[in-house]
Amino acid sequence: MSSVFGILVVQELADQEALQKICDELNNPSLPRIQKWIGHRGKWKCVVSEATGRMYQSQEYNGFLYDTSQKIHLVSSDLLAKPKKRQTQFVRRPFIGTFKIGKFDAVLVSVHLKATGLDNEDLSKLQEEINKIPYLLEAIKDHLPGEEDIIILGDFNLTPTADDFECLRIQDYSNCIAAGTFTNISNANPNGSQTYDNIWISKDTQAVYTGDSGVVRKGLTHGLIPHGWGLGGVVSDHCPVWAQFYTGKDLDNGDLFIGPDTIQFSLVSDP
Numbered sequence: 000m001s002s003v004f005g006i007l008v009v010q011e012l013a014d015q016e017a018l019q020k021i022c023d024e025l026n027n028p029s030l031p032r033i034q035k036w037i038g039h040r041g042k043w044k045c046v047v048s049e050a051t052g053r054m055y056q057s058q059e060y061n062g063f064l065y066d067t068s069q070k071i072h073l074v075s076s077d078l079l080a081k082p083k084k085r086q087t088q089f090v091r092r093p094f095i096g097t098f099k100i101g102k103f104d105a106v107l108v109s110v111h112l113k114a115t116g117l118d119n120e121d122l123s124k125l126q127e128e129i130n131k132i133p134y135l136l137e138a139i140k141d142h143l144p145g146e147e148d149i150i151i152l153g154d155f156n157l158t159p160t161a162d163d164f165e166c167l168r169i170q171d172y173s174n175c176i177a178a179g180t181f182t183n184i185s186n187a188n189p190n191g192s193q194t195y196d197n198i199w200i201s202k203d204t205q206a207v208y209t210g211d212s213g214v215v216r217k218g219l220t221h222g223l224i225p226h227g228w229g230l231g232g233v234v235s236d237h238c239p240v241w242a243q244f245y246t247g248k249d250l251d252n253g254d255l256f257i258g259p260d261t262i263q264f265s266l267v268s269d270p
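Sequential numbering of the sequence shown, starting at 0, is according to numbering that gives the first Met the number 0.
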């Protein structure tokens with residue numbers, strides 16, 4: 000946060016109010032460590048989805064946390080609508096936010112795809128979800144004609160070089176976090192071993208991508224988080240990933256407004 004991030008996508012929230020508490024702390028800090036931050040503090044707002052699906056023994060929520068002092072404005076946000084008759088397309092519904100960032104606007108699609116499970120027993124279900132992403136992109140373009148700046152980000156539970164992502168590559172999407180740049184973390188393996196979290200950007204968005212991206216690995220433990228019989232555990236088994244974009248121009252003529260209804264789409268390839 001002290002590294003001047005503009006928009007943060009937060010996944011696996013077990014409490015729908017948690018992100019607002021973080022937002023309030025950033026704007027009016029009460030914790031000594033936050034009070035001592037030097038430099039840009041920002042003016043933060045957030046939005047949290049309805050339940051995207053289930054997580055362990057609770058509901059899971061997604062959210063966007065953004066700094067309005069950097070001329071970032073949330074235009075609208077919605078979960079992908081539940082299909083009325085068809086089987087659920089995603090175990091956890093994607094959360095879609097449209098943002099105006101300076102002169103640049105973009106659609107951010109937060110996805111948390113199905114984990115492969117022990118011995119890859121659920122790999123086929125993950126592959127099915129990845130195959131549905133192009134239909135999600137088509138639905139977004141139908142609702143936002145001319146909008147070409149689309150950023151898909153989150154936990155993909157699969158390395159970006161996997162053949163399954165060919166459905167994105169043939170649409171000229173590119174991943175910002177390279178395979179081999181590990182995004183997981185644990186006390187036993189602080190350097191990580193998998194590249195599961197990523198940021199995929201459309202061809203138009205690549206034109207405003209600075210080429211700078213990375214993984215935050217420092218400061219992810221805390222003295223009050225349990226670790227075995229002791230303390231000092233990691234905040235999450237996922238590291239934050241980031242990418243930087245120019246915001247002084249916009250290369251498309253898309254309309255940002257999604258509207259009051261959630262995005263609905265039909266998988267025409269289904270039998």
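Here a beta-carbon is modelled for each residue, glycine too, at the ideal position from N, C-alpha and C.
In this text, all values refer to a predicted model and were calculated from it rather than measured experimentally.
If I'm right that Ser192 touches Asn183 with Cβ under 8 Å, what's the distance once you round it to whole angstroms?
Going by Cβ atoms, the distance from Ser192 to Asn183 rounds to 6 Å, so yes, they are a contact pair.
Mapping the DSSP letters down to three states, classify Ser268 as helix, strand or coil.
Low local confidence applies: a pLDDT of 43 at Ser268 is under 50, so the model's placement there is unreliable, with the coordinate-based value given in what follows. Coil at Ser268, not helix or strand.
If you compare alpha carbons, which of Arg92, Leu223, Phe98 is closest to Asp148?
Phe98
Glu137, enclosing alpha helix (DSSP H) - first and last residue
122–142
Run the CB neighbour count on Gln34, radius 10 Å, all protein chains shown included, and call it buried at 16 or more, exposed below.
exposed
Under the three-state reduction of DSSP, which class applies to Asp14: helix, strand or coil?
coil
Could you give the distance in angstroms between the alpha-carbon of Pro225 and the alpha-carbon of Val233?
8 Å
Around the Cβ of Ala177, are there at least 16 other Cβ atoms within 10 angstroms (buried) or fewer (exposed)?
exposed
How big is the Cα-Cα spacing for Val215 and Cys238?
6 Å
Less than 8 Å between the CB atoms is what I'm expecting for Leu152 and Ser109, so what's the real figure, rounded?
6 Å
Is it buried or exposed, Tyr172, if we count other Cβ atoms within 10 angstroms and call 16 or more buried?
Tyr172 is buried by the Cβ-count criterion.
Minimum C-alpha distance to Gly101 - residue among Thr194, His72, His39:
His72
Other residues of its chain near Trp43: CB distance less than 8 Å, five sequence neighbours each side excluded:
Cys22, Leu25, Asn26, Leu64, Tyr65, Asp66, Thr67
Inter-residue spacing [alpha-carbon to alpha-carbon] between Val208 and Asp104
Sequence check: residue 208 is Tyr here, not Val. Approximately 13 Å between the Cα atoms of the pair.
Quick one: give me the first and last residue of the beta strand (DSSP E) that Arg53 is part of.
52–54
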